[in-house]
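J.:
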Amino acid sequence: MPKEMNALPKNLFSFILFFVKRQSVHFSFMFFTMIFWPLNESLCPYFVKVLINKLLSLEPGINAPFNLLAFPLMGLFTSWLLMEIANRFYGMVSMYVWPRFRKDIRESILTYTQGHAHGYFSEHFTGGLANKIAELPRACAHILDIFICNFFSTILTFCISLGLVLQINPLFGLILLVFVAIFVALTILNMKDINHTAKTHAEAISELDGQIVDSLGAMLAVRLFSRTSYELKYLNKYQTDEIKKSEQASWAIEKANFYKGWLTFIFVVITFSTLICAWNNRWITIGDCSLVTMTFFNLMGLIWHSTFHITQIAKEIGISNAALSILSAPHEIKNYPNARPLLINQGAIYLDRVTFSYKEKTNIFNEISVQIKGGEKVGLVGLSGSGKTTFVHLILRLYNLNSGKILIDNQDTSKVSQDSLHAQIAMIPQDPILFHRTIFENIQYGRLDATETEVLEAAKLAHCIDFIKNMKKGFQTMVGERGVKLSGGQRQRIAIARAILKNAPILIMDEATSALDSITEKWIQENLKKVIQRTTALVVAHRLSTINDMDRILVFDKGIIVEDGTIPALLAKNGYFAKLWDRQANGFISE
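Position 539, counted from 1, in the sequence shown is what the working numbering calls 533; the numbers after and before it change by one each time, with no gaps.
#1: Here's the rule I'm using: 16 or more other beta-carbon atoms within 10 Å means buried, otherwise exposed. How should tryptophan 245 be labelled?
#2: Per DSSP, what are the beta-bridge partners of valine 386 in this structure?
#3: Is alanine 491 near alanine 531, with beta carbons less than 9 Å apart?
#4: Once you ignore the five residues that flank glutamate 326 on each side, which residues in its own chain have a CB closer than 6 Å to its CB?
#5: Do tryptophan 31 and threonine 151 have their C-beta atoms within less than 9 Å of each other?
#6: Using DSSP with H/G/I as helix, E/B as strand and the rest coil, what is serine 397?
#7: Where does arginine 546 fall in DSSP's three states?
#8: Could you check if lysine 193 is buried or exposed, using at least 16 other CB atoms within 10 Å of its CB as the buried criterion?
#9: Can you check DSSP and say which residues form a bridge with isoleucine 311?
#10: Taking the beta carbon of aspartate 504 as the centre, do at least 16 other beta carbons fall within 10 Å, making it buried, or is it exposed?
#11: Between the beta-carbon of leucine 574 and the beta-carbon of valine 375, is there less than 9 Å?
#12: What three-state label does DSSP hand isoleucine 518 in the structure shown?
#13: Work out the CA separation of leucine 2 and leucine 183 for me, nearest whole Å.
#14: Since leucine 37 is in the alpha helix (DSSP H), which residue starts that stretch and which ends it?
#15: What does DSSP give as the partner residue(s) for glutamine 412 in the beta ladder?
#16: May I ask you to report which of helix, strand or coil DSSP gives threonine 432?
#17: What's the C-alpha gap between asparagine 251 and leucine 170?
#18: Helix, strand or coil for threonine 530 per DSSP?
#19: Give the DSSP-derived three-state secondary structure of serine 351 in the structure shown.
#20: Between Ala133, Leu229, Ser363, which has its C-alpha nearest glutamate 557's C-alpha?
#21: With distance defined between alpha-carbon atoms, name the residue in Leu257, Ala456, Phe12 nearest to isoleucine 176.
#22: Between Gly157, Leu180, Leu156, which lies nearest to tryptophan 298 when the distance is taken from Cα to Cα?
#23: If contact is defined by three or more beta carbon pairs under 8 Å, each pair taking one atom from either stretch, is the stretch 119 to 132 in contact with the stretch 90 to 99?
#24: Under 8 Å by Cβ, that's how I've got aspartate 346 and glycine 379 pegged, so tell me the actual separation to the nearest angstrom.
#25: Report back the beta-carbon spacing between phenylalanine 146 and methionine 28 to the nearest angstrom; my notes put them in contact at under 8 Å.
#26: What is the DSSP secondary structure of aspartate 203, reduced to helix, strand or coil?
#27: When the Cα of phenylalanine 141 is compared with those of Thr540, Pro423, Leu388, Ile311, which residue comes out closest?
#28: Can you give me the start and stop residues for the beta strand (DSSP E) that lysine 371 sits inside?
#29: Would you call the stretch 222 to 231 and the stretch 274 to 289 in contact, with 3 or more CB pairs under 8 Å?
#30: According to DSSP, simplified to helix, strand and coil, what is phenylalanine 259?
#31: Can you tell me where the alpha helix (DSSP H) with valine 478 in it begins and where it stops?
#32: What would DSSP say about arginine 537, mapped onto helix, strand or coil?
#33: In whole angstroms, what separates the C-alpha of leucine 269 from that of leucine 63?
#34: For arginine 485 and leucine 450, what's the separation of their Cα atoms in angstroms?
#35: For leucine 33 versus leucine 76, is the C-beta spacing smaller than 9 Å?
#36: Whose CA, out of Glu78, Ile338, Ile79, Leu49, lies closest to the CA of phenylalanine 65?
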């Protein structure tokens, strides 16, 4: 993982600024173009005032009226034209900037998420994480767009307008200042409540999305157990919670709008009362009345529009902060400083007094030590929950050890880069993980630079060709989400082909042929013998027929390696392994 990913700011506004700096020139230009809009908004009332005063001083029917009215008319036309040109430039630049801004955030947050330990994904809904990763770039872009197009423009419009109003009469400037100050204060006072309710609502949405994805992902089980109605009832409590949080978020916004609505009404009454009084006392002209009226109504619209955007920002901040919780969770497994790549010559594995437990649970392994020679084929046997899969997961460094160390060719796996470690080990899991991509892409995932011929050869060795040929699109067939369009055996064969193609010096098979029929399994085992000749192989097995050709067997019982040796030696010993062998029925270990 790039060091920059670990340096991502956890604070939202620092986070946004971090990505703004990547396109600082473009964003600076966007700010510059937005200057012309507030200039037009502020100067138009001024030019209208000049136009009205000139018209009142002229008699109808005079010659060349446009010459006498040239200044205000040209001012209006020029102001509008400059604003329009600037807006078009803004639009063209933003077409380039926003997609890349969202892309940078999306890639960064996804990269950071990928850096979390294996256990993190077991504890969080995939749908909820996906929702946060999708929402964060959109929300950040929306916040920044509002700041540039609304807040920046409104503040600049207010400053210019205030200067023009003060020139007419300081009293109107005071009224405007007091109104804006109270309006902003009310908005800020309500922001905390709006932000909090928006964040809790965003969390409720993510939780609901995660539950829906979980339910849809297990659709076969839902149908087989006739649980469609139950699933709707089960989701109902999450939907009820989302509705409640939505109402709380909306009420916080409406409460703020109620107070600001009354404030605006009072402001309008005071403004027009003062205008009439000032005109009646000849303090201002009709043109001044026009300027003050246009300016005040423009600003009221802008400020109300801004407060709407403030509530939108509060919502987006809540959504963003909920998504940034991904960053607030530190990576449990980190690369050692200046970690070097793992270099494998023989593939020897040594566990040196390894102690491990999941979180704060009872230790699974207590200071176990075991040596596996380079090129050795080792079977891992034991009842479910005895520690076999955990054993191989620790070699892959999917979890940190409590104590001890694991060496591969005398290199501590905790001090080599994680990518290089995983690149040197091919893993065939019990539950094959496929992408919703083509069969070809799923096999080629083992080695991205593999040629079509190499992919085809790996598919042959894994006995995939027969079922692939029967498919209409062959290797270009989409396998569905997690390979749902394929049978369990077909998925396993593709996973085996992928591992064969990877051609790594260490191969781990965790019940890799459990979903295959005995005939297909025998064919694949014959081919795998050739493949694993030059590798160190670890084979987790319930079906003891899969380990007949192993050089050595490690027998696990409750986190302890109770026996270690060849199959004949272990059977002659008449110990734990012999009992498993005797209890085996149809090739499986009887539980």
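Note that CB positions come from ideal geometry on N, CA and C, so glycine has one too.
T.: Working from what's here:
#1: Along the sequence shown, one-based indexing puts residue 245 at 251. So tryptophan 245 ends up on the exposed side.
#2: Residue mapping note: residue 386 aligns to position 392 of the sequence shown, counting from 1. None, per the DSSP bridge assignment.
#3: By one-based count along the sequence shown, residue 491 stands at place 497. By one-based count along the sequence shown, residue 531 stands at place 537. Against a cut-off of 9 Å, the Cβ pair of alanine 531 and alanine 491 comes out as no contact.
#4: Translated into positions along the sequence shown, residue 326 becomes position 332. Correct list, in chain order: Ala111.
#5: Along the sequence shown, read from residue 1 onward, the residue named residue 31 stands at position 37. Along the sequence shown, read from residue 1 onward, the residue named residue 151 stands at position 157. Yes. Within cutoff.
#6: To locate residue 397, count along the sequence shown from 1; it is residue 403. Under the three-state reduction of DSSP output, serine 397 falls in the strand class.
#7: The residue you call residue 546 lines up with position 552 of the sequence shown. Strand at arginine 546.
#8: Locating residue 193 in the sequence shown gives position 199, counting from the first residue. Burial of lysine 193 is indicated by the presence of at least 16 other C-beta atoms within 10 angstroms of its C-beta.
#9: Locating residue 311 in the sequence shown gives position 317, where the first residue counts as 1. For isoleucine 311, which the question treats as bridged, DSSP gives no partner whatsoever.
#10: One-based indexing of the sequence shown puts residue 504 at position 510. Answer is buried; the Cβ neighbour count reaches 16.
#11: The sequence position of residue 574 within the sequence shown is 580, counting from 1. The sequence position of residue 375 within the sequence shown is 381, counting from 1. The answer is yes: Cβ separation under 9 Å.
#12: As a first step, residue 518 is located in the sequence shown; it is residue number 524 there, counting from the start. If DSSP states are grouped into helix, strand and coil, isoleucine 518 belongs with the helices.
#13: Working through the sequence shown from its first residue, we reach residue 183 at position 189. Working through the sequence shown from its first residue, we reach residue 2 at position 8. Roughly 30 Å separates the two Cα atoms.
#14: Reading the sequence shown from its first residue, position 43 is the one you call residue 37. Segment 30 to 51, the alpha helix (DSSP H) holding leucine 37.
#15: Position 418 of the sequence shown holds residue 412. DSSP, once it has assigned bridges, lists no residue as partnering glutamine 412.
#16: For the purposes of this step, residue 432 is taken as the residue at position 438 of the sequence shown. Three-state result, threonine 432: strand.
#17: Position 257 of the sequence shown, counted from the start, is the residue given in the question as residue 251. Position 176 of the sequence shown, counted from the start, is the residue given in the question as residue 170. Cα to Cα, asparagine 251 sits roughly 19 Å from leucine 170.
#18: Walking along the sequence shown from the start, residue 530 turns up at place 536. It is a strand residue.
#19: Within the sequence shown, residue 351 is the residue found at index 357, counting from 1. Coil, per DSSP.
#20: Against the sequence shown, residue 557 aligns to sequence position 563. The shortest C-alpha separation from glutamate 557 is found at Ser363.
#21: Taking the sequence shown and counting its residues from 1, the one referred to as residue 176 is at position 182. Of Leu257, Ala456, Phe12, the residue nearest in Cα terms is Leu257.
#22: For the purposes of this step, residue 298 is identified with residue 304 of the sequence shown, where counting begins at 1. Checking every option, the nearest Cα to that of tryptophan 298 belongs to Leu180.
#23: yes
#24: Here the question's residue 346 lines up with position 352 in the sequence shown. Here the question's residue 379 lines up with position 385 in the sequence shown. Not a contact, Cβ separation roughly 24 Å.
#25: Taking the first residue of the sequence shown as 1, we reach residue 146 at position 152. Taking the first residue of the sequence shown as 1, we reach residue 28 at position 34. About 6 Å separates the Cβ atoms of phenylalanine 146 and methionine 28, confirming a contact at the 8 Å cut-off.
#26: For the purposes of this step, residue 203 is taken as the residue at position 209 of the sequence shown. Three-state DSSP puts aspartate 203 in a helix.
#27: As a working mapping, residue 141 is identified with position 147 in the sequence shown. Ranking the options by Cα distance to phenylalanine 141, first place goes to Ile311.
#28: Reading the sequence shown from its first residue, position 377 is the one you call residue 371. Looking at the DSSP string, the run of the beta strand (DSSP E) that includes lysine 371 is 371 to 375.
#29: no
#30: Translated into the one-based positions of the sequence shown, residue 259 becomes position 265. In this structure, phenylalanine 259 counts as helix in the three-state DSSP scheme.
#31: Residue numbering aside, residue 478 sits at position 484 when the sequence shown is read from its first letter. No alpha helix (DSSP H) holds valine 478; DSSP gives it neither H nor E.
#32: Position 543 of the sequence shown, counted from the start, is the residue given in the question as residue 537. Of the three classes helix, strand and coil, the one that applies to arginine 537 here is strand, per DSSP.
#33: Position 275 of the sequence shown, counted from the first residue, corresponds to residue 269. Position 69 of the sequence shown, counted from the first residue, corresponds to residue 63. Their backbone Cα atoms lie some 26 Å apart in a straight line.
#34: Residue numbering aside, residue 485 sits at position 491 when the sequence shown is read from its first letter. Residue numbering aside, residue 450 sits at position 456 when the sequence shown is read from its first letter. Roughly 16 Å between the two C-alpha positions.
#35: For the purposes of this step, residue 33 is taken as residue 39 along the sequence shown, with counting starting at 1. For the purposes of this step, residue 76 is taken as residue 82 along the sequence shown, with counting starting at 1. Yes, the pair counts as a contact, with Cβ atoms nearer than the cut-off.
#36: Mapped onto the sequence shown, residue 65 falls at position 71. It is Leu49 whose Cα lies nearest to the Cα of phenylalanine 65.
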